[in-house]
Amino acid sequence: MTTDDLVELFREHGTGAVSDALDLLGRNGGLSGLSRRSGTGTVVGPAYTLRFEPVAAGVRAPAGEFIDDVPPGAVVVIANGGRLYCTVWGDILSAVAVRNGVAGTVVDGCCRDVAETRALGYPVWSRAGYMKSGKNRVRLAAVGQPVEVCGTVVDQGDLVCADDSGAVVVPAALATEVGDQVRRIVTIEAAIRADVAAGVPLRDSRRRHGYNLAPRDGVTVPVPSTGRS
Numbered sequence: 001m002t003t004d005d006l007v008e009l010f011r012e013h014g015t016g017a018v019s020d021a022l023d024l025l026g027r028n029g030g031l032s033g034l035s036r037r038s039g040t041g042t043v044v045g046p047a048y049t050l051r052f053e054p055v056a057a058g059v060r061a062p063a064g065e066f067i068d069d070v071p072p073g074a075v076v077v078i079a080n081g082g083r084l085y086c087t088v089w090g091d092i093l094s095a096v097a098v099r100n101g102v103a104g105t106v107v108d109g110c111c112r113d114v115a116e117t118r119a120l121g122y123p124v125w126s127r128a129g130y131m132k133s134g135k136n137r138v139r140l141a142a143v144g145q146p147v148e149v150c151g152t153v154v155d156q157g158d159l160v161c162a163d164d165s166g167a168v169v170v171p172a173a174l175a176t177e178v179g180d181q182v183r184r185i186v187t188i189e190a191a192i193r194a195d196v197a198a199g200v201p202l203r204d205s206r207r208r209h210g211y212n213l214a215p216r217d218g219v220t221v222p223v224p225s226t227g228r229s
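In UniProt numbering, the protein residues as written are 1 to 229.
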């Protein structure tokens, strides 16, 4: 599957299926503690990573200059150490992101101007909303480098999937394998839903379709073709 195929697949099926696929492969990927502040639907795109660090009292540190460099379709991933005393994202950044076709933003920390960002329709996930500026409190320390977000390492180009249930990151090297597992999972769940609608007890349907078994347990489930190579 191409990156575009994976983006479409993850967007269609959301964080639950992607997280379950990562579980089957023994990986985490979940960004625990982040909630949607604005926007709608499922956002998927390659990570554009940023790391902020605190500055000493009295040291002047300007707002981070990065937004004009973020490519269209990317998801901005900001590692701010979970800090709740200042923000690193606001409505002006959201406005530029919308103008430039950025897919969304994930912040391990706070955002502000939530109402204005909602009015723009721009998707943001964060630990909290808080109005205090990050200027002179934190500074941009790294761009495009591996960062730790909510205890999970995110590399530039990893695929981020975020929706109303939270945000999850798929390592780029595993993305195709995760995609295969997502297709397997949704095939099983579709069969279970059909059984339940027909009156089959849930426990029987789960057993029939190997819901609680991983591929290594010997269960073979046909994966539907997408019609693309």
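All C-beta atoms in this analysis are idealised placements derived from N, C-alpha and C, irrespective of residue type, glycine included.
No experiment lies behind these values; they were computed from the predicted model shown.
Cβ contact annotation for VAL186 (same chain, cutoff 8 angstroms, sequence separation greater than five): HIS13 and ALA17, in chain order.
Take the alpha-carbon of ARG118 and the one of SER38: they are about 5 angstroms apart. Counting the other Cβ atoms within 10 Å of the Cβ of ALA21 gives 16 or more, which makes it buried. Secondary structure remark: continuous alpha helix (DSSP H) runs of at least 4 residues inside the segment 1-75, in chain order: 3-24.
A contact is defined here as three or more CB-CB pairs under 8 angstroms, and the segment 27-44 meets this definition with respect to the segment 121-135. For ALA191, the uninterrupted alpha helix (DSSP H) segment begins and ends at 175-197. At the C-beta level, ILE78 and PHE52 come within 9 angstroms of one another. Taking a C-beta distance under 9 angstroms as the contact criterion, LEU6 and VAL44 qualify as a contact pair. Within 10 angstroms of the beta-carbon of ARG83 lie 16 or more other beta-carbons, which makes it buried. Remark: three or more beta-carbon pairs, one from each stretch, lie closer than 8 angstroms, so the segment 157-168 and the segment 101-119 are flagged as touching. For SER205, the uninterrupted alpha helix (DSSP H) run begins and ends at 202-208, by DSSP. For ALA103, there is no enclosing beta strand (DSSP E), as DSSP marks it with neither H nor E. Secondary structure note for LEU159: it is in no alpha helix (DSSP H), and the uninterrupted beta strand (DSSP E) holding it is 159-163.
Here DSSP, grouped into helix, strand and coil, assigns VAL170 to strand. The beta carbons of GLY29 and PRO146 sit no closer together than 9 angstroms. CA-CA distance, LEU213 to ARG184, rounds to 12 angstroms. Here SER94 is buried: its Cβ has 16 or more other Cβ atoms, across all protein chains shown, within 10 Å.
The C-beta distance from PHE10 to VAL200 rounds to 29 angstroms, too long to meet the 8 angstroms contact threshold. Contact check for ASP108 against LEU159 fails: the beta carbons are separated by 9 angstroms or more.
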